[in-house]
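Take a look at the structure below.
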Amino acid sequence: MKKKLALHWKILLGIIFGLLFGLLMKNLELNEFVINWIKPFGTIFINLLKVIAVPLIVVSLIVGLADLKDISKLSRLGGRTVVFYLGTTVFAVSIGLLLANIIKPGSYINDEARESLLMSFSGDASQKIELAQAAKENGPLQPLVDIVPDNFFRALTDNASMLQVIFFVVLIGIGLILIEEEKAKPVVAFFKGMNDVILKIIDIIMLFSPYGVFALMASLMVEIPGFSTLGALVIYGLTVVTGLLIMTFVFYPVLLMVFAKVKPIPFFKAIAPAQLLAFSTSSSAATLPVTMECVTERLGVDEEVSSFVLPLGATVNMDGTSLYQAVAAIFIAQAMLPEPLDLTTQLMIVVTATLASIGSAAVPSAGMVMLVIVLGQAGIPEAGLALIFAIDRPLDMCRTVVNITSDATVATIVAKSVGKLNVVSKN
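Here the sequence shown is numbered in the working numbering, starting from 2 and rising by one per residue.
Right, here's the structure in full:
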């Protein structure tokens, strides 16, 4: 019997053919055809993933928490998750700063390229600066206020309010643990049934994934700025990508082998569909349903761990975004300031970028808004944001892969630490 092609290979082929088709259409000057007739299928695919993300979080988290049957287990799970998420984020920012100081990508931007980029993308930069300014005016404890929803059903309708959903669902889970088991049983049974239904819906959506990523890649190629504009940013882009590769293929494998006794190759095989989808969609939230399926079904992480750790990670754990913010801040400083940043300022970038990554919504380009806050804190001209807009989308795709890889790594380690990691699947 002929063996079926694995899903991650189908997605990879969709990415490759999409890029080639987009390049061909760009050269034939048929950009409008791709935008009007191909891109909508990519948008539909992302919408399908996003529409299932919040229901998946709600039902899987309630089921996972109810199965804990003990509040102390929840606090242990939460504590370990937060420690690892903060640790990986601080390391990511530090790697970004180290590489930016060694490579000095800002020194490769000449005056002509700088003026051209500032002029071309000043409007986009201004828009992000205004959004960041509004965020800064809310006060230092606003992120804490934002965690608690004033209307749970309104939070359910907004993927950017995922942390509010998690907060309320955790309260429901705690309530189920604290009431009598007989009374909790029908509620848990209902959500377990809904969980099975939603996982089946995800399987159906994933049948469309190769075509969805084809449409996304084709539209990316026709919408990307001219290659001459990107040429000035090659060194900056390579600096970010080098840092992301170190995180993905050095740092996370070491963590997995030391803390979870999991070999890297089975791990990467298991999460390959989620990584490729993250690359295609640039959204941790859109990829979350697939990340959860890969980590639970293919990696062997118990659902009560994955249903808590992964939704939280999609909201607060942005290693790729943090690393990018560190490199971008130093790059803009090198390109626009006469003197290099001192050590104290760079250490403050570590703190600010770590905190900003927690506040980043799990949607494309949210890191740009948080970067404005990092730049402002370090005294770097915020208008310099225009320098990196031309290459932001491809880098956004790459850093989203790192974001979800980090989530999967921490979920595996936490599961191992609480005895909830089964044998890694060989599928």
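Each residue gets a CB set at the ideal place from its N, CA and C atoms; glycine is no exception.
Item: Reference Phe-46; option with closest CA among Leu-278, Asn-423, Ile-405, Glu-116; Value: Leu-278
Item: Under the three-state DSSP convention, the category Ile-12 falls into; Value: helix
Item: Bridge partner(s) assigned by DSSP for Leu-422; Value: Val-302
Item: Supposed close pair Gly-174, Leu-66 - CB separation, criterion 8 Å; Value: 3 Å
Item: Leu-221 and Gly-15 closer than 8 Å at C-beta; Value: no
Item: Stretch-stretch touch, CB-based, cutoff 8 Å, three pairs: the segment 212-220 with the segment 28-47; Value: yes
Item: Counted within 10 angstroms of its Cβ, other Cβ atoms place Ala-363 as buried (16 or more) or exposed; Value: With a pLDDT of 43 at Ala-363, under the threshold of 50, the modelled position of this residue cannot be trusted, and the question is left open.
Item: Backbone secondary structure at Ala-357 - three-state DSSP; Value: helix
Item: Burial state of Met-1, where buried means 16 or more other Cβ atoms lie within 10 Å; Value: Residue 1 lies beyond the stretch modelled for the chain, which goes from 2 to 428, so this question has no answer here.
Item: Distance, Lys-184 Cα to Asp-68 Cα; Value: 14 Å
Item: Met-319 Cβ short of 7 Å to the ligand ADP heavy atom set; Value: This structure simply doesn't include the ligand ADP, nor any ligand for that matter.
Item: Rounded C-alpha distance that separates Pro-341 from Phe-269; Value: 39 Å
Item: Cβ-Cβ separation, Ala-93 to Met-248 (assumed contact under 8 Å), whole Å; Value: 6 Å
Item: Exposure of Lys-5, with buried meaning 16 or more beta-carbon neighbours within 10 Å; Value: exposed
Item: Straight-line gap, Thr-322 to Val-370 (C-alpha atoms, nearest Å); Value: 11 Å
Item: Glu-383 in three-state terms, based on DSSP; Value: helix
Item: C-alpha gap between Val-223 and Arg-394, whole angstroms; Value: 12 Å
Item: Whether Leu-177 touches Ile-63 by CB criterion (8 Å); Value: yes
Item: Other residues of its chain near Ile-17: CB distance less than 7 Å, five sequence neighbours each side excluded; Value: none
Item: Cβ-based neighbour list, Ile-72, same chain, cut-off 7 Å, excluding 5 preceding and 5 following; Value: Ile-175, Ile-178
Item: Under 8 Å between C-beta atoms of Asn-196 and Val-60; Value: yes
Item: Exposure of Arg-299, with buried meaning 16 or more beta-carbon neighbours within 10 Å; Value: buried
Item: The segment 21-38 contacting the segment 295-311, beta-carbon criterion three pairs below 8 Å; Value: no
Item: Three-way DSSP call (helix, strand, coil) for Pro-365 in this model; Value: With a pLDDT of 47 at Pro-365, under the threshold of 50, the modelled position of this residue cannot be trusted; read the value that follows with caution. Correct three-state label for Pro-365: coil.
Item: Straight-line Cα distance separating Phe-85 from Val-149; Value: 23 Å
Item: Residue environment, Gly-107, which counts as buried when at least 16 other CB atoms sit within 10 Å; Value: buried
Item: is_contact[Ala-7, chain D] using C-beta, thresh 8 Å; Value: Annotation note: the requested chain D is absent from the structure, which comprises a single protein chain.
Item: Inter-residue Cα distance where the pair is Gly-314 and Asp-408; Value: 5 Å
Item: Nearest to Val-439 (by Cα), restricted to the options Met-319, Leu-344, Arg-400; Value: With the chain covering 2 to 428 only, the question about residue 439 has no answer from this structure.
Item: Bounding residues of the alpha helix (DSSP H) (the contiguous stretch that carries Thr-240); Value: 235-247
Item: For Met-207, the nearest candidate out of Leu-50, Ser-283, Val-403, Leu-172 (CA to CA); Value: Leu-50
Item: Among Phe-168, Leu-145, Lys-193, the one whose alpha carbon lies nearest that of Phe-154; Value: Phe-168
Item: Inter-residue Cα distance where the pair is Ser-418 and Leu-388; Value: 44 Å
Item: Beta-carbon proximity list for Ala-89, same chain, < 6 Å, skipping 5 on both sides; Value: It is worth fixing the name first, because residue 89 is Thr in this sequence and not Ala. Excluding positions up to five away in sequence, the list reads Asp-320, Ser-407.
Item: Status (buried if at least 16 other CB within 10 Å, exposed otherwise) for Thr-345; Value: exposed
Item: Reduced DSSP secondary structure (H/G/I, E/B, other) of Ile-272; Value: helix
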